[in-house]
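Chemist: Numbering (this note's numbering), first residue to last: 4 to 470.
No residue lacks a Cβ here, since even glycine has one placed at the ideal position from N, Cα and C.
1) Suppose the cutoff is 6 angstroms on Cβ atoms and the five residues either side in sequence are ignored; what does the same chain contact list for residue 159 look like?
2) Provide the residue span of the alpha helix (DSSP H) that contains residue 84, from first to last.
3) Which residues does DSSP list as the beta-bridge partners of residue 1?
4) Does residue 39 pass the burial test, meaning 16 or more other C-beta atoms within 10 Å, or should it be called exposed?
5) Of the residues 142, 277, 181 and 303, which one's Cα is nearest the Cα of residue 44?
6) Could you spell out where the alpha helix (DSSP H) holding residue 1 opens and where it closes?
7) Is it the case that the region 203-210 contacts the region 331-339, given that we only count it when at least three CB pairs across the two stretches are under 8 angstroms?
8) Note down, in chain order, each residue of its chain lying with its Cβ closer than 8 angstroms to the Cβ of residue 467, except the 5 sequence neighbours on either side.
9) Assuming residue 3 is part of the alpha helix (DSSP H), what are its boundary residues?
10) Determine the direct distance from the alpha carbon of residue 319 to that of residue 89, and round the result to whole angstroms.
11) So which of 136, 231 and 263 has the shortest CA-CA distance to residue 194?
12) Measure the Cβ-Cβ separation of residue 410 and residue 223 and say whether it is below 8 angstroms.
13) In whole angstroms, what is the alpha-carbon distance linking residue 91 and residue 112?
14) Could you have a look at residue 206 and say whether DSSP puts it in helix, strand or coil?
15) Determine, using beta carbons only, whether residue 358 and residue 98 come nearer to each other than 8 angstroms.
16) Between the C-alpha atoms of residue 385 and residue 347, what's the straight-line distance to the nearest angstrom?
17) From the DSSP output, in three-state form, read off residue 157 for me.
18) Starting from the C-beta of residue 365, find all residues in its chain whose C-beta is less than 8 angstroms away, skip the five residues before and the five after it, and write them out in chain order.
19) Quick check on DSSP: helix, strand or coil for residue 397?
20) What is the DSSP secondary structure of residue 314, reduced to helix, strand or coil?
21) Excluding the 5 residues flanking residue 201 on each side, which residues of the same chain have their C-beta closer than 7 angstroms to its C-beta?
22) Taking the alpha-carbon positions, what's the residue 48 to residue 58 distance?
23) Quick test of your reading: residue 137 and residue 296, contact by CB under 8 angstroms. State the CB separation rounded to the nearest angstrom.
24) Cβ of residue 150 within 7 angstroms of any heavy atom in the ligand SAH?
25) Write down the C-beta distance between residue 457 and residue 415 rounded to the nearest angstrom, noting that I regard them as a contact closer than 8 angstroms.
26) Whole angstroms is fine: what's the gap from residue 391's alpha carbon to residue 285's?
27) Considering only C-alpha positions, which residue in the set 403, 383, 331 and 425 is nearest to residue 68?
28) Taking the alpha helix (DSSP H) that residue 117 belongs to, which residues open and close that run?
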């Protein structure tokens, strides 16, 4: 595994391994306890089936009454706010994006991360950047998984326009759009990237911006959206809208691109493998025609995509049994190969060593875990035809990054995400609702307001380098 895939040096890992046995002492076994967990309804239903059964069995073994509740991803934020307001709810609460805004209300997970590293090796850099605040020095969450966000394409359609292996760079989409319309007039939206207020539009906007060399913030949390790179990305999205989209993408929801792909109403989307697994599970003929590509390259070779979702557990300060919750998370990591398989390779581990064979020594687990992931994505155990169809997602760590790239995810990047600043900017410019420059100015102004708010609360750094 490469340098970018790790947050810690071997020296730090050695320290964690040396001290962890003296700091980790579960304190709940003396009396019966309960554990209440809230998490999303997984896009791959087999994962929830596995998780609920595993959690119940874990509780029976530990003498803990475990309750697992599931709600739709779109309702997680509302439910979290309600629990904080009531100062009551679940012990463990899972988010699907970095929950930096909730940092004042959650426990520091430093001890749990350290113990996990002593057992399984380092956490991934992108997972650290999604759960650790360098300003406050607090681990505000604990990540068990992230999900890659590859390109999903219809191979037969792309073969008809001379690209049987799909696109490799963003300009390929502009070139292919008109050709697909000519060859396949039934496909009204050749390129299925949304420009609306929903999750996948946010992901696409960031992938384009980053791959063109732009970003919302720099590594030190300064606002740098006002750049020539952003202007180039806006120009690109305007050209792509004309070449391969129509107004429907302006009102898409999070399921729209999945549904369009499986109906062959589009030929390319940026998404996880869940649409493909749905097609498989429902025996749709299109399943064998769906293939995958890595993140697309920008004009200067930059190749980035956001993690599709980032699984992050928090423990509320008002949790009744925080020690039980921490032990549950560590034991969950101990069975994470089963978790990945239960998700049909949707979940990727935030600690690669968790999917290594149990007999592998701790220091060798990260490399062994990476090897196992490469093996299963190159030979999908869940019926892909051909079996190596998922090989592109096996390279995800090369091109996946966190919401705050090239800096850490923080409450400001989260609010920029949740208020859809970037998709709105691209949509206004692409449709002529605003000039490209006015669309950019509006996005920059809104972004600076958001950052200033969170800096006043002491949760976000930077400021001196804003532009």
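Modeler: Answer, in terms of the structure:
1) Here residue 159 corresponds to residue number 156 of the chain shown, with the count starting at 1. Here the set comprises 292.
2) Locating residue 84 in the chain shown gives position 81, counting from the first residue. Where residue 84 is concerned, the enclosing alpha helix (DSSP H) stretches over 79-89.
3) In the structure displayed, the chain extends from 4 to 470; residue 1 sits before or after that span and is not available.
4) As a working note, residue 39 is residue 36 in the chain shown. That one is buried.
5) Stepping through the chain shown from its first residue, residue 44 is reached at position 41. Taking only the C-alpha atoms, the option nearest residue 44 is 277.
6) Nothing about residue 1 can be reported from this structure: the residues present for the chain run from 4 to 470 only.
7) no
8) Walking along the chain shown from the start, residue 467 turns up at place 464. Cβ neighbours of residue 467 beyond the five flanking positions: 225.
9) Missing from the structure shown is residue 3; the chain here goes from 4 to 470 and no further.
10) The residue you call residue 89 lines up with position 86 of the chain shown. The residue you call residue 319 lines up with position 316 of the chain shown. Rounded to the nearest angstrom, the two C-alpha atoms are 12 angstroms apart.
11) Translated into positions along the chain shown, residue 194 becomes position 191. The shortest C-alpha separation from residue 194 is found at 263.
12) Residue mapping note: residue 410 aligns to position 407 of the chain shown, counting from 1. Residue mapping note: residue 223 aligns to position 220 of the chain shown, counting from 1. In this structure, residue 223 lies closer than 8 angstroms to residue 410 by Cβ.
13) To locate residue 91, count along the chain shown from 1; it is residue 88. To locate residue 112, count along the chain shown from 1; it is residue 109. So the alpha carbons of these two residues sit roughly 19 angstroms apart.
14) Position 203 of the chain shown, counted from the first residue, corresponds to residue 206. Three-state result, residue 206: helix.
15) If you number the chain shown from 1, residue 358 lands on position 355. If you number the chain shown from 1, residue 98 lands on position 95. Result no, Cβ atoms of residue 358 and residue 98 do not sit closer than 8 angstroms.
16) By 1-based counting over the chain shown, the position of residue 385 is 382. By 1-based counting over the chain shown, the position of residue 347 is 344. Near 7 angstroms, if we compare the C-alpha coordinates of residue 347 and residue 385.
17) Numbered from 1 along the chain shown, position 154 holds the residue referred to as residue 157. Strand.
18) Taking the first residue of the chain shown as 1, we reach residue 365 at position 362. If we look at residue 365 and ignore the five residues flanking it on each side, its Cβ neighbours are 20, 121, 122, 123, 124 and 356.
19) One-based indexing of the chain shown puts residue 397 at position 394. Helix, per DSSP.
20) Sequence index remark: in the chain shown, residue 314 carries index 311 (1-based). Reduced to three states, the DSSP call for residue 314 is strand.
21) Here residue 201 is taken as the residue at index 198 of the chain shown, counted from 1. Hits under 7 angstroms: 255, 256 and 257.
22) Numbered from 1 along the chain shown, position 45 holds the residue referred to as residue 48. Numbered from 1 along the chain shown, position 55 holds the residue referred to as residue 58. Between residue 48 and residue 58, the C-alpha separation is close to 16 angstroms.
23) As a first step, residue 137 must be located in the chain shown, where it is residue number 134. As a first step, residue 296 must be located in the chain shown, where it is residue number 293. So it is not a contact: roughly 33 angstroms between Cβ atoms.
24) Absence of the ligand SAH is noted for the structure shown, with no ligands found whatsoever.
25) As a first step, residue 457 is located in the chain shown; it is residue number 454 there, counting from the start. As a first step, residue 415 is located in the chain shown; it is residue number 412 there, counting from the start. With a Cβ gap of about 5 angstroms, residue 457 and residue 415 count as contacting.
26) Stepping through the chain shown from its first residue, residue 391 is reached at position 388. Stepping through the chain shown from its first residue, residue 285 is reached at position 282. Answer to the nearest angstrom: the Cα atoms are 21 angstroms apart.
27) Indexing the chain shown from 1 puts residue 68 at position 65. It is 331 whose Cα lies nearest to the Cα of residue 68.
28) Here residue 117 corresponds to residue number 114 of the chain shown, with the count starting at 1. 113-123 is the extent of the alpha helix (DSSP H) around residue 117.
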